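> I'd like to ask some things about the structure below.
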């Protein structure tokens, strides 16, 4: 197969705009605006391979830096690693694709994979000879476009409900009994009656807000192609009711995931919706914490959106480089490699059954998070691809309008569906 793909500069520019709409979510730990460059942007010959990732917080000498280089050592090459924040990484990758200076390996936030694949800048897993059948289908789906996989998830993080055990005990709430929306609402009412804030979350009008809302949206049975369905409206009304009842603070309307977490850490809130990346912080809180999966409306675990990066191979004019690139990617995606990544990032859940079993052997207390990832869903799944950021913007705009009281849930979602249909051409 010909590895050289040609797209217009317009397609690449459009991709940059689309991906920019996806980078507001803090679903991976430690995103920052600083970059740490450990090598040139252009792949050098003579046994040197370039690697780009969105982890500037992991600098020279860090466990992550050493892990990356170990995969180079295993393949018999030197890896020059460059780290950018998420937005800068995407922009640099698009620019390098135009200039023919793409890195050999890149890690990219999963919602951006389909957008980059659409530009022709990424090789497929089939082209590299990878069998992806052992990857959990719900996690791989974020990197699949029209049935073709363009990367492999190095792990996944997602959302659940953390709780303050002291507050739940005082309110007579047993978290194990919370299995659906009715039982959750009953718990929130009891916590409120006992004098504590019941719940907080991140309702901010950005991709981060959509990220937090999607478990309730999908958990109601709603679909992103029909934003004004009865199920979708019911999900919006759930958040509105929490605000109206005083179970959630008005600050939730503008909270980011970080500010929602800070509210929870003051010890006055029963529940907070947040992610795997707060496990260590929760363990260090001044009160006993726990977590449960986000409940679907009628029971079971709600599909929460996946965070986490895919490892991919950008297109190279010298296709002979793919052999070593494949070895590097293989090193990152063994069961043992997945667990090592999970421990490095505290915690990425491995995307395979074997990796999850190995992870649970080391971390049996994190079974809730493995269950949550097994039930999770990629934001660009259902073959939404580059339509997702257009739909998501209308979703968070509608949720903001309803929570603020500017519009009813039904009217807000009707307007969102109309706008999303116009934006996507449906």
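In the working numbering, the protein residues as written are 881 to 1306.
Just so it is clear, CB atoms sit at the ideal spot from N, CA and C, and this is done for glycine as well.
Quick caveat: nothing in here was measured; it's all calculated off a predicted structure.
#1: Quick one: residues in its chain with C-beta nearer than 8 Å to the C-beta of residue 927, no 5 flanking neighbours on either side, listed in chain order?
#2: Got a sec? Which residues, its chain only, sit under 7 Å from residue 1114 by beta carbon, not counting five neighbours each side?
#3: Could you tell me which residues DSSP pairs with residue 1015 in its beta bridges?
#4: Tell whether a beta-carbon distance below 9 Å holds between residue 1231 and residue 1174.
#5: Please state whether DSSP places residue 1213 in a helix, a strand or coil.
#6: In terms of residue numbering, what span does the beta strand (DSSP E) encompassing residue 958 cover?
#7: Roughly how many angstroms lie between the CA atoms of residue 1097 and residue 1167, to the nearest whole one?
#8: Rounded to a whole number of angstroms, what is the C-alpha to C-alpha distance between residue 1093 and residue 1138?
#9: Do residue 1275 and residue 1068 come within 9 Å of each other at the CB atom, strictly closer than that value?
#10: Cβ of residue 1023 within 9 Å of Cβ of residue 993?
#11: State buried or exposed for residue 1066, treating a residue as buried only when at least 16 other CB atoms are found within 10 Å of its CB.
#12: Would you say the stretch 927–944 touches the stretch 1153–1162, given that touching needs at least three Cβ pairs under 8 Å?
#13: Name the DSSP beta bridge partners of residue 1116, please?
#14: If residue 1079 sits next to residue 1180, beta carbons under 8 Å apart, how far is it from one beta carbon to the other, in whole angstroms?
#15: By DSSP, does residue 992 sit in helix, in strand, or in coil?
#16: Taking DSSP as the reference, what is the three-state secondary structure of residue 1031?
#17: I need the DSSP call for residue 1160, collapsed to helix, strand or coil.
#18: Measure the Cβ-Cβ separation of residue 1172 and residue 1253 and say whether it is below 9 Å.
#19: At the level of alpha carbons, what is the spacing between residue 876 and residue 1251?
#20: What is the DSSP secondary structure of residue 1041, counted as helix, strand or coil?
#21: Buried or exposed for residue 1027, please, with buried defined as at least 16 other CB atoms from any protein chain shown within 10 angstroms of its CB.
Here's the rundown:
#1: The answer, listed in chain order, is 956, 957 and 958.
#2: Result list for residue 1114: 1100, in chain order.
#3: Within the DSSP secondary-structure output, residue 1015 pairs in a beta bridge with 1232.
#4: Cβ atoms of residue 1231 and residue 1174: not closer than 9 Å.
#5: The answer is coil: DSSP assigns residue 1213 none of H, G, I, E or B.
#6: Here the beta strand (DSSP E) through residue 958 covers 958–963.
#7: Cα to Cα, residue 1097 sits roughly 31 Å from residue 1167.
#8: About 15 Å.
#9: Not a contact, by the Cβ cut-off of 9 Å.
#10: Going by C-beta atoms, residue 1023 is nearer than 9 Å to residue 993.
#11: With fewer than 16 other Cβ atoms from the protein chains shown falling within 10 Å of its own Cβ, residue 1066 counts as exposed.
#12: No: the two stretches stay apart, fewer than three of their Cβ pairs being nearer than 8 Å.
#13: Paired residue(s): none; residue 1116 is not in a bridge.
#14: Taking a contact as a CB-CB distance under 8 Å, the pair residue 1079 and residue 1180 does not count as one, their CB atoms being some 20 Å apart.
#15: Correct three-state label for residue 992: helix.
#16: Residue 1031: coil per DSSP, three-state reduction.
#17: Residue state, collapsed to three classes: helix.
#18: The criterion of a C-beta distance shorter than 9 Å is not satisfied by residue 1172 and residue 1253.
#19: Given a span of 881 to 1306 for the chain in the structure shown, any question on residue 876 remains unanswerable.
#20: Reduced to three states, the DSSP call for residue 1041 is strand.
#21: So residue 1027 ends up on the exposed side.
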